[in-house]
Every structure is written in C-alpha cells, then in structure tokens.
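**Student:** From first to last, the protein sequence lines stand for chains A and B. Mapping the first sequence onto this note's numbering, position 416 (from 1) lands on 416, and the numbers just tick up by one. Mapping the second sequence onto this note's numbering, position 29 (from 1) lands on 29, and the numbers just tick up by one. Note that the Cβ used here is the ideal one computed from N, Cα and C, for glycine as well.
Protein chains: 2
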Amino acid sequence: MANIAKKVSWSGRGDDRGERTPLLNGDEEVKYNRQVPDTLDYDNSENQLFLEEERRMSHMGFRCLEIRRWVICGLIGFLTGLIACMIDIAVEKLAGYKYFAVKLNIEKYTELGGLSISLILWAVLNSAFVMFGAIAVAFVEPIAAGSGIPQIKCFLNGVKIPRVVRLKTLVIKVFGVICSVAGGLAVGKEGPMIHSGAVVAAGVSQGRSTSLKKDFKIFEYFRRDTEKRDFVSAGAAAGVSAAFGAPVGGVLFSLEEGASFWNQMLTWRIFFASMVSTFTLNFFLSIYHGKPGELSSPGLINFGRFDSDIVQYNLYEIPLFIIMGALGGVLGALFNIINYWLTIFRIRYIHRPCLQVMEAMLVAAVTATVSFAMIYFSNDCQPLGQDNTEEYPLQLFCADGEYNSMATAFFNTPERSVRSLFHNPPGTYNPVTLGVFTLAYFFLAVWTYGLTVSAGVFIPSLLIGAAWGRLFGILLCIVLLTCAAAQLGGIVRMTLSLTVILVEATGNVTYGFPIMLVLMTAKIVGDYFIEGLYDIHIKLQSVPFLHWDAPPTSHWLTAREVMSSPVTCLNRVEKVGRIVDVLSNTSTIHNGFPVVAHTSENDEPGIICGLILRSQLIVLLKHKVFVERASSRLSQRKLQLKDFRDAYPRFPPIQSIHVSQDERECMMDLTEFMNPTPYTVPQETSLPRVFKLFRALGLRHLVVVDNENRVVGLVTRKDLARYHVGKDGLEELHLAQT
Amino acid sequence: MANIAKKVSWSGRGDDRGERTPLLNGDEEVKYNRQVPDTLDYDNSENQLFLEEERRMSHMGFRCLEIRRWVICGLIGFLTGLIACMIDIAVEKLAGYKYFAVKLNIEKYTELGGLSISLILWAVLNSAFVMFGAIAVAFVEPIAAGSGIPQIKCFLNGVKIPRVVRLKTLVIKVFGVICSVAGGLAVGKEGPMIHSGAVVAAGVSQGRSTSLKKDFKIFEYFRRDTEKRDFVSAGAAAGVSAAFGAPVGGVLFSLEEGASFWNQMLTWRIFFASMVSTFTLNFFLSIYHGKPGELSSPGLINFGRFDSDIVQYNLYEIPLFIIMGALGGVLGALFNIINYWLTIFRIRYIHRPCLQVMEAMLVAAVTATVSFAMIYFSNDCQPLGQDNTEEYPLQLFCADGEYNSMATAFFNTPERSVRSLFHNPPGTYNPVTLGVFTLAYFFLAVWTYGLTVSAGVFIPSLLIGAAWGRLFGILLCIVLLTCAAAQLGGIVRMTLSLTVILVEATGNVTYGFPIMLVLMTAKIVGDYFIEGLYDIHIKLQSVPFLHWDAPPTSHWLTAREVMSSPVTCLNRVEKVGRIVDVLSNTSTIHNGFPVVAHTSENDEPGIICGLILRSQLIVLLKHKVFVERASSRLSQRKLQLKDFRDAYPRFPPIQSIHVSQDERECMMDLTEFMNPTPYTVPQETSLPRVFKLFRALGLRHLVVVDNENRVVGLVTRKDLARYHVGKDGLEELHLAQT
C-alpha cells in the first residue's frame, strides 16, 4: 500500500517492484502514506575532525580550493553544453529522417489517394520512438521522467529525492528526451537540460562515480551536502543557459529556486558555468553547421530574428498586455487543474510500467493524428520561394510549386512550430483550423506532461500561447511573444528568472517590460485558482518542501508546539549496543541525534552538548571506533574526515553492519565526531523565527532547549513543512512520519 | 582629534564644526579613532507587543499589507523615475546654455584672435556651476558628496550612516549632481541616482518626513529596520534602473550589495519598482522630446545604437578580451591607488568646507582648460553633413562648412563624449591628441572622485576605457564597449550586476559573454593590487562592514575569543536608576542588553531570558513605564507598538530624558518589551559559524552563553568586522570601540 506516488513518478522501483497495488480509498483526495524522502544537510557539521583539517590548511590551501571550484564550474558548463549539443543534433537527425520518410510516403499517396497509410506510418514511427524512450524511463530509471525541474527544486531546497543526481538518471534522461522529441510528442527538450546540468554538476564536483565504481581521488574536499548543493546550483544554471541561451536567466533560476543565501563569489561562479555552457553549445553547433567560430546560436531554442524596428511598444498597448497576462493566467490554471486530476488518476490506475509505456505510445499516435488532420483539412497554399527555409515542404493538394503552409507549423518539431507561429506572414492559417489546433494541442500538452517520458513543458506552453495569440488575430511577433510568455507564466508561475530567460532567448532587452507585465498578471490571476505546475507536482509527492516564508498567520505557533518530542538523545560516551538499537528502530527513523552531557535515570532531559548524524554514526560503527569498557589504553582507531567522505553520499543501511554481542558492550566516544555547536532555540520561539533560521541556514535539525539548555525537542524540516495557508487560515498537512 | 574622517566625507558637521583639526601622526597610515556609526537591526524584535499585534491580524490583514508593499514599490519607482527625468532635463538645459554661450564666444574670438578669453569664460562658467554644487554639499549636507554608492552599500549591509536617507540629503544630492555635471566635471549623473532612489524609498515607505515634520499616518507598519531595508533595496534598484535603463541589473545590484536573504516575493517587488522607474523616466522623457508614448530612452545613459550585424564576435577575439580585461584591471587598480592616497591627503588637509569648495572649483577650471586645449590643438576637420547630429558644432579653425571633430567628443557632457568615442568614424582623432587626452582625463577623473560634490564614477570610467581603446586603434564599437567595461570593472569591481547593467544599457544580449570575460579578468587582476573603489572608501571610514564570508583561515577563532565581555545585563524587572545609569555611561555605549532571569550578587552571570535594545529602553523611559516599588496596583501605562513606531528611527538621546530622583527608585518590567527569544550560541562556536548566522539573519547582537544558558558575552557586528585577511594571514583591524 505504501509508497505509491513516490514510486510511480519519482523514485520508482526499488526492491518492491511487484507490489504496485493501486491505492484506493474513499477520500476525495488521494492520501499519500509513504516514506518521506531523506533531507540534505546544508549546515556543515563542524566537528573536531573538520576544525582540525581547516586549521591545518594554509591561506594558500584555501586559495587552491577556490581555484578548484572555478575549474569544476568550468567543467560543469563545458559538459552541460556538450550534452545539450548532442541532444540537439540527435533530435534534428532523427526527426529529419522521420519527416523525410513520412514526406515521401505522403507524396506517394497524395496521388494514389491512400493517405490513411501515411497517417499510420507517421503514427507508428512516433509511437516507436516514444516507446523506446518510455521503456527506458519506466523500466530502468523512473526518476528520469518529466522535466526534472520539480526534483531539482526539491534538491536545492534540501529534500533528497533518491537517485535524482546519478549517472544512470542522466543517461536515461538524455536518451528519453531525444526519443520523446523525435517521437513528435508535445514536449520540449529544454526542461530536461536543467536536470541534466544538475546531474553533471553533482558528478563532476565529487570527482567519482559510484555507479561506475570509479574514484578519481580528486575534489574529495567537496564531498558534502553544502558544497554539492553549490555545484548543483551551478549545474542547473548551466542547463538553463544551454537550453535558452540565457546565462543570466540561469543564474536567476538557481537563485530563485535554490540558494537561500546569496554569496557574491558563488553567484559569480554560477554565472561562469552558465557562460561556459552556452559558449560550448554555441561553439560546437557552429562547427556542426559548418561555420566554425560563428557563434550565433547561444541556446537550444531559437525564436528566430525579431526585427528591432518593430520592437517599440506604445503606451496604449499596456492594457493589452495585462489582458493577455490575465488570459494566460486563466488558461494556465486550467492546464494545471486538468493536469492535477490526470496525475491523481495516473497515481491510482496507471502505475505499472507496461501501462505507462502504452499510455505514452497512445499519446504519440494521437499527436500524429491531430497534426495530420490539421494539415489535411487546411487548404492554404503558399508559393515555394527560392529563399525557402522550410526543410520539409509538403505539397499535398497544393498546385505544383506551392506548399501547404499549415505543414510548416505542424509537420515539424515543436520548437520550429513556435518559430513558424511567431514569424509566418498574416493569413497563413485558417482561423477555424487554428482554433481547433489550439484546443487540441492544449489538451495534448496537458495529457503529455506527467507521462513516463523525459520531457519539458516550456515549449508546448509557448506554442499554445502563440497559437491563441494568433487566433485572436495578433500578428505582431512581439505581441505574440508576450502571449506565449503569458501562457507559460500561467503554467509554471516563475517570475524574475522567467522574464530574464525569455528576454535573453529573444536577444532583445526591450521586451523586458511587456514580458514582466504579462508574467506578473498571469501569476496573480493563476495563483487565485491553483498553484504552479511544479509546485503541484511537488505537493503531490508531499515532500517536506520549505517555501520562502512561514505562513503569515503562524506567529502564535511556537517551537514547543511544532517540535517532535520526546527526542532520542545519545550520551557523549555511549554504549555501542544502544546506538545500534536506536539506529535499527524502524518505527522512528531519525537522522540526527542530540548528544547530551548525561541522561539521568529519571528521564530528565540532559544538557545539550552536540549533535550527531545517523550517517556519521554508521561510519563510526562500520569502522568499529569502539572504546573497550574498563580499558584505559586508546584502542580507538584514528578515524579521519576522509573516511566520512569516502562513504558519502551512499551511507550503508544499519542492517548491513554486523555488530557482535561483545562489541555491543563496548563504548563509543562521540566527542570528536559530533557537531559541538548545533543551533538551538528556546521553546518560546515563534514558528516564523524558527522558519527563518531553517531557511537562511539550510538546517536539517534544530534542537529546542529549555532555560537550562536541556534538550526538550527537535524540529526537523517536515515539522515546518506541514503548515500552510489554506482557505480557512492555517492548515496542517498530513505528512508521513519518518 | 576624533571623528576626522567621518566628518570630512560622510556625516560631516555636527555640533563640533569648529574642531576640524588635521589628524597628524607618525604612522604610515592614518589611524581613525572615532565613533563607529550605529548599526541597523535586521532581526525583528519579536516581543509580546509584536506577537500580539501579529496574532490579532487576520489573513486578510496580511494580504492588505502585501498590497501596500506593492503600492509603495510602485511609488518608489515612479518618484525615482521622475527625479531621474528632472536631473536629465536640468542638466541638458544648463549644459546647453553653457555650451551655447561658449560657442558664440569662441566663434567671435576665433576671428579676432583672443581665444584665451573664451577659455576664461568657459572655465569661469564651469567653476561657477561647480561652486554652487560644492557649497550646497560642503555647507549644507556633506553626506550628499560622491556617488553615494558606498553609503548605500553600508546601509544595506546594516551600518547606519547618519542622515544618509533623509530628505535634505536627497535635495542637496539632486541639486549637486545637476551642478557638477553642468559644470563640466569628469563625473556622471548615474551613481547619485542610486542614492536618490534609496532616499525616496526610505521616505515613501515610512509615510512621513521627519525633516518636514509631516506624518501622513500611513504605512506605519513598515516603521522598522527590516521593512525599511527591503524598501531601500527596491529604491536602489529603481535608481540603477533609471540610470542605465537596466531593471534586471538594478535588482541584481540590490541583491549583490544588500539582500543577504533572497526572497522570491521581495525580489519580484524590487523588479517591479525597477520596471516602473525606467518606464516613468522613459515616458516623461518621451513627452519632453515631443514624441509622447514612444518609449525609446529607457535610461539616463544612452550608448547609441549598436548595429546588430557587427555584434558577432569570433573565437579568436577571446584572448583579446582577456588582455583588455587585464589592462582594465591594472589601470583600475592604479586609479584606485592614486585615489586612495588622494583621499588620505584630503582627510588630513582639506577638511574645511571653504577649502573643499575651492578645490572643486579648481578642478572645474582645470577640466575646462584641458578640454579647451584638446580642441585647440586638434586640427581635424569634418564636413558638416545635413544629417548632422552634433548639437554644438565648433568651426574654430576649420574651413566653412566644416567643424572640429575633436569638439564633438570634448565640447560636450561626458555621456555624449562616451557615445562619440564609441561611434565616431575611424580617423576622427589624432593619436597624439587622444593619448594626451586619455592621460589627462584619467588624472582628472581620479582627482574628481572624492571632491565635495555629488558625482558618479561610472561615466568617467567608461570614457577613459573607450579612450584608451581607441588609442590602441580599436574602432569596432563592440570592442570599444568591452574596453570601457574593463576600465569600469577595474575600478568598481562589481561582477554579475555590472555585466547585466552594461548589457541592458546597450540593449543587446549578445554582448554578455565578452563583457563577463573582461569584467572577470579585470576583477581578478585588479584585486591582486588593491580593492575596489567603493570598498576602499568604506574601509577608510572603518565602519563595521561585513563581507560575504568570514576570512577562510578563521576557523580556529571561537565566539569566546571574538565576543565582548563582560556584558552589561539587565534584570527582567530592573530599577529605573540602573537603566538610566547604564544608558548614560558614555565610556561603553551599548545598543543591546541581554535580559537575565536574575543577576546574583556574586557576579555570577544570569540565565538569558531576552534581549532589549537601547532604543526600546529609551521609549520606555520617555513614556515612564514604571512600576512603583512595593505597589501592587498596575500603574504601568499600557504602551503600544505604535509608540515605538512613532519614535522610529530618531530615538532621542538619553540625556534629553529627565528622570527624577523618585522615579529612579521605581522599577521597570521589561518582560513585555524584550525579545524573548534572541539567538544564542555556545562559547565554542567557530567564527565562520557565528559569521554565517550574523550575515544570513542580519543580526545586530548575538548572545554567547555557557552550558547552562548563562550570559557570558555578546558578539556585535564590529567584533566580526575587525578580522580580515592580510598579507600574513588573519589580521585584526583596530576598529574604534563604541
């Protein structure tokens, strides 16, 4: 019964592959009763080992570390750019072969009159591509599904989604996104780039791959959550940068989603990674296109050239922008609501990998059919010019020397379709056909997001926006762009970063004001109905995601009410047996344990003197760092920080560590390994104050103490995440207990 | 002896105007022994009054507050844009009259042969303008001198520079900057806009002006440091946005300098203020230029149109960018070093307002002379075309129908000169003249920055960069732009925000990569020699400015070593006499006092139970919130949060409050007013950890406690600011004791 949703969309199939039973209950909403994902520790454990290492390090040593950080960021940017380039070329080649084959077939059957055969060919080709992608995702690495943006948001927020930054995930993601875009689904290849960049960053910065069992013995210093997060921020930024040619937008994305603490050097490094990434992509694409050194395509997406003379907007156009923003907000909310119900349906009924693959193939076939119908029923012909830029002009029923103009938009990858919608001359599309298309594509896109394929939602959103923009008779490409922005903003609800991303993607700063205006309106209007798409999916996983601030009306809640209590505390010198028992206790899986000076017999709480993590205890147990009872000689093996770093991040479970009965009687001295100065708050601290501390410092555990510094409780991320503002004021969510 | 530097450049003339004796001592460096400016409290004091108010507030109430915040940000943007517009028009008009008069005079005397009279006229006009500006700054409000960027950096960092955000400062600043730009100094009007925006924000958000003694009784909720800082961030961003037409750059500037904690809604509001500001400026300028609604000049600065076809850069140009960046770094460092010595000279010898005004007038006259010489010795004539865009073509010794091309660059405001340097055709300038000019202008600009006039350093830096770029035979305007960027970056060392500002000012995203490259190189090279200009000036004031991180090698320092001790603690119920004595003690001016459960007689520290601020105590004393000793009836007047807000931010000094001998025997109950949950750390906490807490939460006081929660010390901002990395590792600065 447990773990349904988690398995289906994110972490997928662990050891319990066969147990995927549908979760049926009578409630209105699906209740998720499952393990909460682990959390990350962005507050450094400053134990004695760490402090000693830092003290030994010279000023020069810190400078070398800094240089190494820059090198890593450069590498992250380079590899992310390379991956983006690979995806782009692969998609172009595969889609090219596909459209070439279908075009030949159509040309053949236009004369003969058996166009349904062409349709079937198209649909089968699409389904085949999608099948490969879906099989890889569903059977090999389910976490590679979707755009990966919600997962990266969670990671940067401090929630550890299992396997989200592994090499295998990256491979499946890249393969999956190539298949789904080549398979003609209503998806983009931009969102997955963000996830890819993050995986690259997590891999490169650790200097090893646990999947490949290869340790390069470099960058060992960076094997901890704090450093890793910084690099993952850079990777995500590099991904955005490669996807949209938007280095500044990438930095802002990372900051908006992840970095709660802004640091100038870090930001500058992230920017460097972004710049290198877009530069690498640009450079290799220029070689591929046979014009080496001509750096003209900074991102995967290309909106085409906007003539800068018609960019100028006038004062009276501002209400128009606001109206479009509102419309985008409403349509985006509609998109999100339908997708929400669909996702719940999927969680309940479509959780077997086979079913998931079949659904994806069905969507692929339907998408081909809709596109085919669009082209078939359009009878708008344009003359074939010499400077024809169309790659696959379809003649169909047009006279010789002419081609079907509708095909320029829909016999193409979604990105090229967006460009056609922006730039095609007035009168290209029949309003009725366009209306039908907008509607059909809207529902196709809703249906597609959440399929078990790697795919992004940016491009389809832009396409829908541009389509309804054109439907309303808007032909100026700057205004069409704002329509597209409105639709995208209504769905994802990103703010500053999205503005900058779109401005950078178009290459013209003048669009800033209208884009900001529509995005702001879309967000305000959309938020009235439902949250953004990513937030919905994060919420459906019920992970302990921390928002920016505590709910405004939560001042009356104090740490006393919020904290978990009683807390399992350990003594400074603790019996091995007790530690093993505490760690093995499956009913209460704690990850951090306050260390107290002494726990007295009469259950009185002890005075706090440190905090130790489960992962640290496991390493200690594994290395058998025991002091024999009643033995004065120092039998304790000297453990080094290196031992902890080697075990990071995949610490073995407690069950895998064998502790003999004799050893259980030994003692363990935690003094050297615990964090001697954990952050503490008194019991009367208000929730917003606790929240601010958590968010600003990236905490995982916060010890609540009484007046005499005795441990009375422990606040963890999930204690804070369960409060949110609902319709009737403050509500408490039912997050699963770990 | 005390207060020299502070008086001279920043806070100026208090009551002790006559005491400005030069500070002469035998040390290599000037030592500043003076009062440290007050600090701001960005950690909210969550006392009972505050919590009660928050609890009373409904969800709707919070929403109204949020809407009010948006309205204020809109107002800030609007007013900042309006001020920018006013400055622009005033400068254009005044400079126009001046150049017109000089041109007529030159034309007259070119024939007659008495051009020295023209030179004298020009120099006198310049000096006159500058005199008015300098008198206003030197005698009325010295803090309005310079660009104001270091002061705003300090404010956002948490250092309270006196009178920095007052209305009077704004008026003098605006008047001063008009005078200095119209007076032909080597200054820009962009930097002061940032200060102006910040003052507007601080004024509008408080809903009153203490200078004008006008209280609009609105926005009372925002009368505290936390809220005010957020608005000042928005104001600074709006200022950048108006100055450079760079709304995103403005947001990044504010974040880079100020906001240690990134909040999505706050960022979005700041962006809104920026957008409104550039839009307002644009709109009013379009009306002024007679083309209402044509929004084509987003900022004060205008680099002219860059043809987008020649924007493309090639791979082999990258080493060129790096070389230029390095050169910019070296020249920028040279600029900073000379300016540093000059500033020290000024602090020692030029501290009387009269001298300051005279120096400013001298510089104005010299600037005019240099420009005149440039034009006089150039004999490069260009034909007057029909599409002539020059406003004041000087014929001088050219044939009829021709004009002196050197005058297009130097018979003009610095901004127009930058544009001429970027866009004038090859061969316009004689290399020797250009070389002499570059050198002369470099030293003029160094000399000018730090004068007692309101003036920015952005434009002169860009001008110097463009000049040496042209000198090296670079003619492509994109490359010239990067030269200019390199010089500017070498001087101010801003990173991401400057990149974005310059990209937005040119209007073309493609410049991003080269600009980033040169700025990064310039920063790395420049930092090797000396800090950035703003940091130098901040350091010369020895204010407790907190950088991003603790010095890297400071892990061996603990809170125990860093903290101030012993601490003056107050009891929960304290005798009025003692409070008055503590506050009146001039030898140790503390601003925050831990409140303890009981201070025992034998000097044993008490258990912490709260923290109360000097300002709160003063309000309590002023309202005589006393409990009569041995009296059970509640004579304590019910004080409200409103009383504290009314007193904010100019709390009266303790000397102004009269407490009678009888009242001294009364008691004061602090329970309701103290912050009951101040942040505390144990004594063993390392400096980086304390630093992170301070920086992330914007703290002013951090209580250090022992194992039993007894107060043993207090860490304040200056305890942290005094450690920095010098040549031989960690050094301790001698900051004055407050």
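The alpha helix (DSSP H) spanning M275 (chain A) covers which residue range?
**Tutor:** Taken as a continuous stretch (DSSP letters only), the alpha helix (DSSP H) holding M275 (chain A) covers Q264 to Y288.
**Student:** Taking only runs that begin and end inside the stretch 28-107 of chain B, name each unbroken alpha helix (DSSP H) of 4 or more residues, in chain order.
**Tutor:** Runs of the alpha helix (DSSP H) inside the stretch 28-107 of chain B: 48-56.
**Student:** Report the residues of the stretch 129-161 of chain A with a CB closer than 8 Å to any CB of chain B, ordered along the chain.
**Tutor:** Listed in sequence order: no entries.
**Student:** Using a Cβ distance threshold of 8 Å, determine whether the stretch 246-255 of chain B contacts the stretch 495-513 of chain A, with at least three qualifying pairs required.
**Tutor:** Contact between the stretch 246-255 of chain B and the stretch 495-513 of chain A is present, because at least three Cβ pairs lie under 8 Å.
**Student:** Can at least three beta-carbon pairs, one atom from the stretch 37-48 of chain B and one from the stretch 143-161 of chain B, be found at a separation below 8 Å?
**Tutor:** Taking 8 Å as the limit for Cβ pairs, the verdict is that the stretch 143-161 of chain B does touch the stretch 37-48 of chain B.
**Student:** Taking buried to mean at least 16 other C-beta atoms within 10 Å of its own C-beta, is S587 (chain B) buried or exposed?
**Tutor:** So S587 (chain B) ends up on the exposed side.
**Student:** For I76 (chain B) versus G191 (chain B), is the C-beta distance shorter than 8 Å?
**Tutor:** No.
**Student:** With a threshold of 8 Å between beta-carbons, can R68 (chain A) be considered close to chain B, or not?
**Tutor:** So, not an interface residue.
**Student:** Write down every uninterrupted run of the alpha helix (DSSP H) in the stretch 511-541 of chain A whose length is 4 residues or greater and which is fully enclosed by it, in chain order.
**Tutor:** With a minimum length of 4 residues, the continuous alpha helix (DSSP H) runs that stay inside the stretch 511-541 of chain A are 512-529 and 533-540.
**Student:** Nearest-angstrom Cα distance between A407 (chain B) and I375 (chain B)?
**Tutor:** So the two alpha carbons sit approximately 6 Å from each other.
**Student:** Given that I87 (chain B) touches chain A, what residues does it touch there, using C-beta distances under 7 Å?
**Tutor:** Those within 7 Å of I87 (chain B) in chain A number zero; the least Cβ separation is about 22 Å.
**Student:** Mind checking the stretch 607-622 of chain A against chain B and listing, in chain order, the residues whose C-beta falls within less than 9 Å of any C-beta there?
**Tutor:** Cβ contacts with chain B come from I607, I608 and C609.
**Student:** For a contact defined as C-beta to C-beta under 8 Å, what are the partners of N709 (chain B) on chain A?
**Tutor:** What N709 (chain B) touches in chain A: V705, N707, E708 and N709.
**Student:** For G325 (chain A), which three-state DSSP category applies?
**Tutor:** Helix.
**Student:** For the stretch 540-555 of chain B, which residues have a CB atom closer than 8 Å to at least one CB atom of chain A, in sequence order?
**Tutor:** Going along the stretch 540-555 of chain B in chain order, one finds W548, D549, P552, T553 and H555 with a Cβ nearer than 8 Å to chain A.
**Student:** Would you kindly work out how many angstroms separate the C-alpha atoms of D741 (chain A) and N44 (chain A), rounded to a whole number?
**Tutor:** Outside the displayed range of chain A (1 to 738) lies residue 741 (chain A), so it cannot be described from this structure.
**Student:** Would you mind giving the Cβ-Cβ distance between C381 (chain B) and A368 (chain B), rounded to the nearest angstrom? I have them listed as a contact below 8 Å.
**Tutor:** Not really, about 23 Å apart at Cβ, beyond 8 Å.
**Student:** Quick one: grab the DSSP three-state call for P426 (chain A).
**Tutor:** Note: P426 (chain A) maps to coil in three-state DSSP.
**Student:** Closer than 8 Å by C-beta to I172 (chain B): which residues in its own chain qualify, once you throw out the five before and the five after it? Chain order, please.
**Tutor:** Result list for I172 (chain B): A136, V137, V140, E141, A144 and S454, in chain order.
**Student:** Name, please, each residue of chain B whose Cβ falls closer than 7 Å to the Cβ of K93 (chain A).
**Tutor:** Those within 7 Å of K93 (chain A) in chain B number zero; the least Cβ separation is about 25 Å.
**Student:** Is Q206 (chain B) buried or exposed, if buried means 16 or more other CB atoms sit within 10 Å of its CB?
**Tutor:** Buried, by the Cβ-count rule.
**Student:** Can you have a look at M667 (chain A) and say buried or exposed, based on whether 16 or more other CB atoms are within 10 angstroms of its CB?
**Tutor:** So M667 (chain A) counts as buried.
**Student:** Is there a C-beta anywhere in chain B that falls below 8 Å from the one on E46 (chain A)?
**Tutor:** Interface residue, yes.
**Student:** Grouping DSSP H, G and I as helix and E and B as strand, with all else coil, what is F593 (chain A)?
**Tutor:** It is a strand residue.
**Student:** Could you tell me whether the Cβ atoms of T553 (chain B) and S277 (chain B) are closer together than 8 Å?
**Tutor:** Cβ distance not < 8 Å, so T553 (chain B) and S277 (chain B) don't count as in contact.
**Student:** Just checking: is the beta-carbon of A696 (chain B) within a distance shorter than 8 Å of some beta-carbon in chain A?
**Tutor:** With 8 Å as the cut-off, A696 (chain B) counts as an interface residue toward chain A.
**Student:** Using a Cβ cut-off of 8 Å (strictly closer), state whether H423 (chain A) contacts chain B.
**Tutor:** It does not: the Cβ of H423 (chain A) has no partner Cβ on chain B nearer than 8 Å.
**Student:** Starting from the beta carbon of M275 (chain B), find every residue of chain A whose beta carbon is closer than 7 Å, and list them in chain order.
**Tutor:** Result: F513 and M516.
**Student:** For the alpha helix (DSSP H) containing I135 (chain B), name the first residue and the last one.
**Tutor:** Segment L115 to I135, the alpha helix (DSSP H) holding I135 (chain B).
**Student:** Between the stretch 479-492 of chain B and the stretch 224-233 of chain B, do three or more beta carbon pairs fall short of 8 Å?
**Tutor:** No: fewer than three Cβ pairs fall under 8 Å.
**Student:** Does K213 (chain B) come out as helix, strand or coil in the three-state DSSP assignment?
**Tutor:** Coil at K213 (chain B), not helix or strand.
**Student:** Please go through the stretch 330-389 of chain A and give each complete beta strand (DSSP E) segment of 3 or more residues, from N-terminal end onward.
**Tutor:** Listed in chain order, they are 381-383.
**Student:** Do you know how far the Cα of A505 (chain A) is from the Cα of I301 (chain A)?
**Tutor:** Roughly 7 Å between the two C-alpha positions.
**Student:** Would you mind stating whether Y679 (chain A) and L693 (chain A) have Cβ atoms separated by less than 8 Å?
**Tutor:** Cβ atoms of Y679 (chain A) and L693 (chain A): closer than 8 Å.
**Student:** Could you work out which residues of chain B lie near F271 (chain A), taking near to mean beta carbons separated by less than 8 Å?
**Tutor:** In chain order: T495, L496, T499 and M516.
**Student:** Determine the extent of the alpha helix (DSSP H) in which K173 (chain A) is found, giving its start and end residues.
**Tutor:** Start and end: L167 to A182.
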